[in-house]
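A short worksheet on the structure shown next.
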Amino acid sequence: MSSEISALSRPAQVVFYNDPKFRSIAYQFVLCAVVGFLVYGATRNAIDNLARAQIASGFGFWNTTAGFDISQTLIEYSARGSTYGRAFWVGLLNTLLVAGLGIIFATILGFIVGISRLSSNWLLSKVAGGYVETIRNLPLLLQLLFWYNAVLKALPDIRESIVVGGAFLNNRGLFLPEPIFKSGFGAVAITALVGIAGSIAFFLWARKRQERTGQQAPVFWVTLALVLGLPLAVFALAGFPLGFDFPKAGRFNIAGGVEVLPEFAALLFGLSVYTAAFIAEVVRAGILAVSRGQSEAAYSLGLRPGPTLRLIVVPQAMRVIIPPLTSQYLNLTKNSSLAVAIGYPDLVQVFTGTVLNQTGQAVEVVAITMLVYLVISLTTSLLMNIYNSRMALSER
Amino acid sequence: MKRFATIVALVVAVAAQGASAQTLKAVKDRGMLNCGANGTLAGFGLPDAQGKWTGLDVDFCRAIAAAVLNDPDKVKFVPLSAKDRFTALQSGEVDVLARNTTWTSSRDTSLGLNFTGVNYYDGQGFMVRTALKVNSALELNGAAICVQQGTTTELNLADYFAASKMQLKTVTFATANEAVKAYDAGRCDAYTTDASALYAERLRVANPGDHIILPEIISKEPLGPAVRHGDDQWFDVVKWTLFAMIDAEELNISSKTLDEAMKSANPEIKRFVGTEGNFGEQLGLTKDWAARIIKLVGNYGESFERNVGQSSPLKIERGLNKLWNKGGIQYAPPIR
Chain G
1 MSSEISALSR PAQVVFYNDP KFRSIAYQFV LCAVVGFLVY GATRNAIDNL ARAQIASGFG
61 FWNTTAGFDI SQTLIEYSAR GSTYGRAFWV GLLNTLLVAG LGIIFATILG FIVGISRLSS
121 NWLLSKVAGG YVETIRNLPL LLQLLFWYNA VLKALPDIRE SIVVGGAFLN NRGLFLPEPI
181 FKSGFGAVAI TALVGIAGSI AFFLWARKRQ ERTGQQAPVF WVTLALVLGL PLAVFALAGF
241 PLGFDFPKAG RFNIAGGVEV LPEFAALLFG LSVYTAAFIA EVVRAGILAV SRGQSEAAYS
301 LGLRPGPTLR LIVVPQAMRV IIPPLTSQYL NLTKNSSLAV AIGYPDLVQV FTGTVLNQTG
361 QAVEVVAITM LVYLVISLTT SLLMNIYNSR MALSER
Chain Y
397 MKRFATIVAL VVAVAAQGAS AQTLKAVKDR GMLNCGANGT LAGFGLPDAQ GKWTGLDVDF
457 CRAIAAAVLN DPDKVKFVPL SAKDRFTALQ SGEVDVLARN TTWTSSRDTS LGLNFTGVNY
517 YDGQGFMVRT ALKVNSALEL NGAAICVQQG TTTELNLADY FAASKMQLKT VTFATANEAV
577 KAYDAGRCDA YTTDASALYA ERLRVANPGD HIILPEIISK EPLGPAVRHG DDQWFDVVKW
637 TLFAMIDAEE LNISSKTLDE AMKSANPEIK RFVGTEGNFG EQLGLTKDWA ARIIKLVGNY
697 GESFERNVGQ SSPLKIERGL NKLWNKGGIQ YAPPIR
């Protein structure tokens with residue numbers, strides 16, 4: 001009897017494989033081992049099969065001469081003198097360019113449309129609603145093809161270019177005068193930076209003072225004077241140290257100047273317009289999530305609709321908006337790979353298109369491309385998460 | 397998306413599948429030949445409104461099916477774009493690639509392919525608008541040129557302009573369809589591809605009469621079928637199918653004269669049609685394999701005439717593709 005009692009008071013004696021702690025560790029260990037073995041087996045098999053089929057493998061192709069041309073290169077690139085590695089960077093930069101600009105335009109347009117949809121102006125809100133419902137419900141690829149063909153068909157032939165102030169517009173693209181900075185322009189650039197820094201400082205000071213005293217400062221006019229007025233004054237004093245390389249019409253093409261390809265324009269426009277429709281909905285949802293009492297309280301304190309939106313509603317709405325906004329940014333970046341359909345040389349077109357075909361090394365090329373998109377997406381997420389934690393409600 | 401699916405298929409195939417060397421057995425068991433074809437190029441590979449495929453490359457695949465399966469219609473044609481074609485062959489999606497593909501050393505070695513011969517000797521040319529008043533490719537300095545991605549054309553173009561010290565603006569598209577459409581819309585001054593394809597594509601632009609093909613041929617483009625590396629038996633079957641079509645023309649055996657040939661006393665013809673020797677069995681086929689090809693598809697000359705030659709809308713001169721004894725360079729080893 002006494003021995004039974006002492007047995008009950010001792011910690012439970014279970015066989016080790018029935019111990020939940022041991023079990024959970026063992027299960028995880030087995031799972032890891034199985035996954036590890038599958039990955040190893042697949043890799044080993046791939047290497048063996050590639051070797052047996054005599055398909056080249058490895059990353060030696062990276063330093064081989066590419067031998068093909070690319071229509072838009074942000075860095076120095078030539079078919080004869082550049083490698084596949086260089087072509088990869090050209091493609092990556094083209095992707096980042098269109099994605100970066102696309103995110104900016106889509107955000108601006110999305111916020112405008114999202115807020116317009118909530119406007120009390122009947123026409124404005126119906127137009128915004130129509131825009132969102134139309135754009136959001138059509139496949140993006142179709143829209144890109146439409147914009148590309150609409151751009152090409154609407155524009156005149158190169159010999160009948162539209163010329164405005166030294167800029168040419170035709171079905172080969174938009175050719176803008178390229179600015180050439182002469183000596184003395186450095187001072188203007190420095191003044192501009194000083195102006196921007198000054199206006200940020202003034203903005204912060206004005207916000208602090210408003211929080212403390214409730215007095216508003218003319219932020220807009222001071223910023224305008226600092227950012228535009230100051231550099232312009234220095235620019236005039238320095239004797240206008242800026243020239244332009246105007247594009248000139250040659251026999252076939254237009255030489256000189258900065259060139260914006262129709263493929264780029266169509267892709268940027270298509271991506272921005274498409275993603276903006278989604279962002280508009282995200283913004284609308286965010287604003288609707290802020291309780292009506294907040295704006296009513298602001299009105300009763302005498303705030304006008306503008307400051308109410310800017311100071312009360314949007315800061316609270318941002319907490320709801322940012323996480324889905326991040327997904328939209330990621331979507332835009334990934335959707336930029338549809339460039340391949342309209343001939344814009346992005347990473348997928350250049351690298352998993354031409355480079356893959358010329359080298360035949362599908363496994364390596366696709367792996368690199370997937371890794372790149374993963375890195376871009378994770379970086380975007382990280383930045384947005386940092387921003388989100390700054391905007392999040394600080395609990396007291 | 398199809399392309400991505402193909403790549404995934406390749407990755408999965410190389411990661412999971414063992415070696416499959418027995419293509420001939422696989423084709424016989426399946427009762428169907430999977431043939432990678434063009435799908436958009438008149439004269440080489442194009443399905444008509446009824447879904448019936450025609451073209452020089454299509455005839456070639458039908459000839460293999462005739463030799464192996466005794467039925468030229470037991471072919472499943474898989475339309476492939478220029479940049480997907482090798483992946484499709486490597487992954488086993490198709491048994492043979494007959495898609496106006498240029499034979500080059502790197503494709504023969506590092507892509508894991510074997511080219512089985514040349515069924516069309518081609519070269520790269522340019523198409524421009526007549527209104528441009530350009531008479532030579534050397535006048536194209538600074539021109540924008542539309543080109544299809546994943547082709548030797550893309551590389552030759554860069555070489556040619558570099559060698560001629562001319563500027564160029566390449567606009568690259570994933571498929572020939574998109575490239576031609578953009579050229580037709582005025583995006584480019586010129587469209588470049590193999591000369592044979594230029595004649596075919598010219599029929600598709602809005603006003604074919606407004607476009608000319610420049611006289612320069614800037615490259616050698618020996619177009620031929622290819623198979624996977626590492627299956628010598630299948631390689632032999634595909635290679636000798638092509639040789640049989642060329643040899644038949646040389647021996648004057650056509651689909652119309654086959655019955656006479658079957659009764660011929662000429663030893664060369666007897667060996668060809670299988671009334672003497674067992675050359676077909678050496679290939680893993682039947683004795684009458686070559687006779688089947690000619691009866692069901694025709695010889696090389698017949699195929700050429702009906703698909704790209706004078707009895708086709710393309711009306712391309714035979715030129716280099718004449719037989720070696722008629723002034724061309726088409727030449728096949730003898731069957732004996």
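From first to last, the protein sequence lines are chains G and Y. Going by our numbering, the first residue of the first sequence is number 1, and it counts up by one from there. Going by our numbering, the first residue of the second sequence is number 397, and it counts up by one from there. Note that beta-carbon positions come from the ideal geometry of N, C-alpha and C, so glycine has one too.
| Asked | Found |
| --- | --- |
| With Y587/Y as the anchor, note down where its beta strand (DSSP E) starts and where it stops. | A586 to D590 |
| Tell me which residue opens and which closes the beta strand (DSSP E) that E672/Y is part of. | Taken as a continuous stretch (DSSP letters only), E672/Y belongs to no beta strand (DSSP E), as it is neither H nor E. |
| If contacts are defined as beta-carbon pairs under 8 Å, then P179/G and P247/G qualify, I think. What distance do you get, rounded to the angstrom? | P179/G to P247/G, Cβ: 13 Å. No contact. |
| Excluding the 5 residues flanking S615/Y on each side, which residues of the same chain have their C-beta closer than 6 Å to its C-beta? | G519, Q520 and N552 |
| Starting from the beta carbon of F235/G, find every residue of chain Y whose beta carbon is closer than 8 Å, and list them in chain order. | Neighbours of F235/G on chain Y: none; closest Cβ ~35 Å, over 8 Å. |
| Mark M370/G as exposed unless 16 or more other C-beta atoms lie within 10 angstroms of its C-beta, in which case mark it buried. | exposed |
| Mind listing which residues of the stretch 500–512 of chain Y have their C-beta closer than 8 Å to chain G's C-betas, in chain order? | S502, R503, T505, S506, L507 and G508 |
| For P20/G, which three-state DSSP category applies? | helix |
| Would H625/Y count as contacting chain G if we go by Cβ distances under 8 Å? | yes |
| DSSP three-state label for V283/G, please. | helix |
| Taking 8 Å as the cut-off, decide whether the C-beta atoms of A461/Y and W685/Y are in contact. | no |
| Please classify G239/G as buried or exposed, where buried requires at least 16 neighbouring CB atoms within 10 angstroms. | exposed |
| By the 10 Å Cβ neighbour count, where 16 or more other Cβ atoms means buried, how is L383/G classified, buried or exposed? | exposed |
| With DSSP collapsed to three states, give me the class of D425/Y. | helix |
| Verify the CB distance criterion: does Q678/Y have a CB-CB separation below 8 Å to chain G? | no |
| Closest Cβ-Cβ distance between E597/Y and chain G: below 8 Å? | no |
| Identify which residue in A192/G, I112/G and L261/G has its Cα closest to the Cα of F175/G. | L261/G |
| Checking 8 Å against the spacing of the C-beta atoms, do R495/Y and N573/Y come in under that value? | no |
| For P20/G, which residues in the same chain have their Cβ closer than 6 Å to its Cβ, ignoring the five residues on either side in sequence? | none |
| The beta strand (DSSP E) with N721/Y in it runs from where to where? | Unbroken run through N721/Y: none, as it is neither H nor E. |
| Start and end of the alpha helix (DSSP H) containing T326/G? | V314 to N335 |
| Determine the closest residue to I665/Y out of Q678/Y, R688/Y, M523/Y and L647/Y, with distance taken between C-alpha atoms. | L647/Y |
| Give the residues of chain G in contact with L585/Y, contact being defined as C-beta atoms less than 7 Å apart. | First, the residue type needs correcting, since residue 585/Y is Asp and not Leu in the sequence shown. Neighbours of D585/Y on chain G, chain order: F252. |
| Would you say T419/Y and D491/Y are within 8 Å of each other, going by their C-beta atoms? | yes |
| From L237/G to V188/G, what does the alpha carbon distance come to, in whole angstroms? | 10 Å |
| Three-state secondary structure (DSSP) at N430/Y? | strand |
| Would you say G110/G and A285/G are within 8 Å of each other, going by their C-beta atoms? | no |
| Any C-beta of chain G sitting closer than 8 Å to the C-beta of Q726/Y? | no |
| Is it true that the CB of V290/G sits closer than 8 Å to the CB of V313/G? | yes |
| Does chain G have any CB closer than 8 Å to the CB of T526/Y? | no |
| So, is P323/G buried or exposed, given that buried needs 16 or more other C-beta atoms within 10 angstroms? | exposed |
| Using a cut-off of 8 Å between C-beta atoms, extract the partners of F482/Y located in chain G. | N357 and G360 |
| Quickly, what does DSSP pair A167/G with across the bridge? List them, please. | V164/G |
| Please name the residue or residues paired with E664/Y in a DSSP beta bridge. | Note: E664/Y sits in no beta bridge, so no partner. |
| Assuming G439/Y contacts S699/Y (C-beta within less than 8 Å), just tell me the rounded distance between them. | Not really, about 11 Å apart at Cβ, beyond 8 Å. |
| At the level of alpha carbons, what is the spacing between L710/Y and V704/Y? | 5 Å |
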